[in-house]
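A short write-up of the structure that comes next.
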Ligand code: PGA
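Residue numbers (this note's numbering): 350 to 589.
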């Protein structure tokens, strides 16, 4: 495990974008696993800039997103399809047919999940997966209690995860499709990003705590090629 601490969110994001760009320069056909959420927003901005400047070329890159809400229309403001389109895909030269996101609007969850895992295999597996982390240690939407051998599937979201994103008074999703821990652990390289003091405790548990399904991110201790990029806030406890 390699841990790098950057001074602030912006620098954490630059470093993440640099690592991804470097991987694409070495392998233009890179298969990239991608997160959503607040943490990677600036990383996507930096990658879009690197693409605009001609530093990095996404024309042969293939992406698989980690997750998507179940039964949430693609044009909903919280949909990860919409997030990816607005923040990244529309701003780089990636081909739409090379971008995969679980289809939460599917009429057959089982078929969708099986297909998703099959498509990942057909692309030769994921070379580099980028992760955020939830305060409860979820990676993707693998909430506490997730089995280590889980693949892509439909999951129930915890109340806390839902209320981080949705107003209780609104109609909101209670489930999501997510890659499993097995998909994440099979990626050749893992890059985990965490920013802000509110992530310090979970970062500390992820690095130093016992490996337990109660904190899904702790399984990453066993990944042979894990890099974490933290800002000073998120590193607080881990460094102390
Ligand atoms: P965040 O979410 O980047 O918005 O903090 C991360 C996550 O819940 O996985």
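Beta carbons: idealized from backbone N, C-alpha and C, even for Gly.
Return yes when the Cβ of residue 405 is within less than 9 Å of the Cβ of residue 478, no when it is not. Within the chain shown, numbered from 1, the residue matching residue 478 stands at position 129. Within the chain shown, numbered from 1, the residue matching residue 405 stands at position 56. No, they are not a contact pair.
Spatial neighbours of residue 474 in its chain, beta-carbon cut-off 8 Å, leaving aside the 5 residues before and after: Walking along the chain shown from the start, residue 474 turns up at place 125. If we look at residue 474 and ignore the five residues flanking it on each side, its Cβ neighbours are 380, 535, 536, 537.
For residue 536, does the three-state DSSP call read helix, strand or coil? Numbered from 1 along the chain shown, position 187 holds the residue referred to as residue 536. The answer is coil: DSSP assigns residue 536 none of H, G, I, E or B.
Measure the C-alpha to C-alpha separation of residue 515 and residue 429 and round it to an integer number of angstroms. If you number the chain shown from 1, residue 515 lands on position 166. If you number the chain shown from 1, residue 429 lands on position 80. Distance between the alpha carbons of residue 515 and residue 429 is about 14 Å.
Around the Cβ of residue 529, are there at least 16 other Cβ atoms within 10 angstroms (buried) or fewer (exposed)? One-based indexing of the chain shown puts residue 529 at position 180. Per the 10 Å Cβ criterion, buried.
Inside the segment 353-392 only - alpha helix (DSSP H) runs reaching at least 4 residues: 358-375
For ligand 1, which residues have a Cβ under 5 Å from at least one heavy atom, in chain order? 386, 387, 388, 481, 483
Once the 5 residues before and after residue 504 are set aside, which same chain residues still bring their CB inside 7 Å of it? What you label residue 504 is simply residue 155 of the chain shown in a count that begins at 1. Taken in chain order, the residues that qualify are 490, 492, 524, 525, 527.
Less than 7 Å between C-beta atoms, sequence neighbours within five positions excluded: which residues of the same chain meet that for residue 359? The count along the chain shown starts at 1 and reaches residue 359 at position 10. Hits under 7 Å: 391.
Coarse secondary structure for residue 432, derived from DSSP in three states: Here the question's residue 432 lines up with position 83 in the chain shown. If DSSP states are grouped into helix, strand and coil, residue 432 belongs with the helices.
Sequence ranges, beta strand (DSSP E) only - wholly within the segment 502-565, length at least 3: 502-505, 524-527, 538-543
Hey, would you say residue 423 sits closer than 9 Å to residue 465, going by beta carbons? The residue given as residue 423 occupies position 74 in the chain shown. The residue given as residue 465 occupies position 116 in the chain shown. Not a contact, by the Cβ cut-off of 9 Å.
Mind checking residue 577: buried by the 16 CB within 10 Å criterion, or exposed? In the chain shown, residue 577 corresponds to position 228, counting from 1. Result: buried.
Residue 441 and residue 320 - do their beta-carbons sit closer together than 9 Å? The question about residue 320 has no answer, for the chain in this structure spans 350 to 589.
Around the C-beta of residue 589, are 16 or more other C-beta atoms found within 10 angstroms, so that it is buried, or is it exposed? Taking the first residue of the chain shown as position 1, residue 589 is located at position 240. Because the pLDDT of residue 589 is 49, which lies under 50, any placement of that residue in the model is unreliable, and the question is left without a value.
Validate contact between the segment 494-501 and the segment 434-450 using beta carbons, cut 8 Å, 3 pairs: no
Less than 9 Å separating the beta-carbons of residue 502 and residue 564? On the chain shown, position 153 is the one that residue 502 refers to. On the chain shown, position 215 is the one that residue 564 refers to. No, the Cβ-Cβ distance between residue 502 and residue 564 is not below 9 Å.
If we ignore side chains and look at the alpha-carbon of each, how far apart do residue 449 and residue 480 end up? Residue numbering aside, residue 449 sits at position 100 when the chain shown is read from its first letter. Residue numbering aside, residue 480 sits at position 131 when the chain shown is read from its first letter. Straight-line Cα distance between these residues: approximately 16 Å.
Starting from residue 466 and walking both ways along the alpha helix (DSSP H), at which residues does that stretch end? Position 117 of the chain shown, counted from the start, is the residue given in the question as residue 466. Residue 466 -> alpha helix (DSSP H) spans 458-471.
Can you give me the start and stop residues for the beta strand (DSSP E) that residue 414 sits inside? One-based indexing of the chain shown puts residue 414 at position 65. Unbroken beta strand (DSSP E) run through residue 414: 411-414.
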